[in-house]
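Q: The structure is given below, and queries will be raised subsequently.
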Amino acid sequence: MAESRVSSRYAKSLIDLAIEQNKLEEVNRDMILFIDVCHQSQDLVKLFRNPVIDPASKLSIVKKIFSSSITPLTLLFIETVIKKNREFFITDIAGEFRKAYNLIKGILTASVTTAVTIDDKLKSEIRLFIEQQTKKQVELSASINPDIIGGLVIRMDDKLFDASIASKLAAIKKNLINPHLSN
5 MAESRVSSRY AKSLIDLAIE QNKLEEVNRD MILFIDVCHQ SQDLVKLFRN PVIDPASKLS
65 IVKKIFSSSI TPLTLLFIET VIKKNREFFI TDIAGEFRKA YNLIKGILTA SVTTAVTIDD
125 KLKSEIRLFI EQQTKKQVEL SASINPDIIG GLVIRMDDKL FDASIASKLA AIKKNLINPH
185 LSN
């Protein structure tokens, strides 16, 4: 709970500062890049969460990685987070920033899970379907999970649309085992 509060406060501060300096879009791009790099490098995440490594070393590494690819405002923000010994939360702060940005811009994040890879045309059709249903701009991510056998699972906020074969087979099994529970 405390982690969420800390992350939200720092993210809100960055959002407010970015809006004030008319840099919201640039900082958003920086946060997307930062999150992507952290997802690709668990070593970087471990660095942020390691209390033994001093803040100056962490900051030096961050500057080497990001100084040429993010705005000075974002780099200064990351530096401030590290100097205040809050780097443990930095990936969560970036995620909270993205949530706040999407809320401001009216963007809904959704994910689609399929058993096999889907092409860009089908992703676009799914995105369009969700946009028509929600009347919001949709940021869609796709993942693969062979366990769903076929069909798809769409997650958006706290909603789940499960049209997978695995869930349908589970429902059939449940009805066969306990037919009186389905009525």
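Numbers 5 to 187, taken from my numbering, label the letters of the sequence shown in order. The beta-carbon is built from N, C-alpha and C at its ideal position, and this holds for glycine as well. Nothing here was measured: the structure is a model prediction, and the numbers come from that model.
1) Could you pull out every residue in the same chain whose Cβ sits closer than 7 Å to the Cβ of D151, ignoring the five residues on either side in sequence?
2) For a minimum of 3 consecutive residues, which ranges assigned as the beta strand (DSSP E) are wholly contained in the stretch 91-158?
3) Can you list, in chain order, the residues of its chain with a C-beta nearer than 8 Å to that of T3? Leave out the 5 residues immediately preceding and following it.
4) So within the stretch 27-79, which uninterrupted alpha helix (DSSP H) runs reach at least 4 residues, ignoring any that extend past its ends?
5) If contacts are defined as beta-carbon pairs under 8 Å, then A15 and I97 qualify, I think. What distance do you get, rounded to the angstrom?
6) F165 bridges to which residues according to DSSP?
7) Report, in whole angstroms, the separation of the C-beta atoms of L112 and K140, which I expect to be a contact under 8 Å.
8) Counting pairs of Cβ atoms below 8 Å between the stretch 83-97 and the stretch 112-127, do you hit three or more?
9) So, are the CB atoms of S274 and S145 less than 8 Å apart?
10) Pick out whichever of S73, F93 and K67 has its Cα sitting closest to the Cα of E83.
11) Please report the distance separating the alpha-carbon of G154 from that of K172.
12) Where does K62 land, buried or exposed, given buried means 16+ other C-beta within 10 angstroms?
13) For N179, which of helix, strand or coil comes out of DSSP?
14) With distance defined between alpha-carbon atoms, name the residue in L126, L18, V142 and A22 nearest to L156.
15) Who are the Cβ neighbours of S147 in its own chain at under 7 Å, not counting the five residues just before and after it?
16) Can you check which of these residues, F81, I39 and P55, is closest to D20 by C-alpha distance?
17) Could you name the residues of the same chain whose beta carbon sits closer than 6 Å to that of L134, not counting the 5 residues immediately before and after it, in chain order?
A: On the basis of the supplied data:
1) Closer than 7 Å at the Cβ level, and outside the excluded window around D151, lie A170.
2) Runs found: 111-118 and 141-148.
3) Missing from the structure shown is residue 3; the chain here goes from 5 to 187 and no further.
4) 28-44, 46-53 and 59-70
5) About 5 Å separates the Cβ atoms of A15 and I97, confirming a contact at the 8 Å cut-off.
6) I158
7) 4 Å
8) no
9) The shown model of the chain, from 5 to 187, leaves out residue 274, and the question about it has no answer.
10) The shortest CA-to-CA distance from E83 to any of S73, F93 and K67 is the one to K67.
11) 10 Å
12) buried
13) N179 falls in the helix class under three-state DSSP.
14) L126
15) S115 and T117
16) F81
17) Strictly speaking, residue 134 in this sequence is Ile, with Leu absent from that position. So the list reads A114 and V142, once near-sequence residues are dropped.
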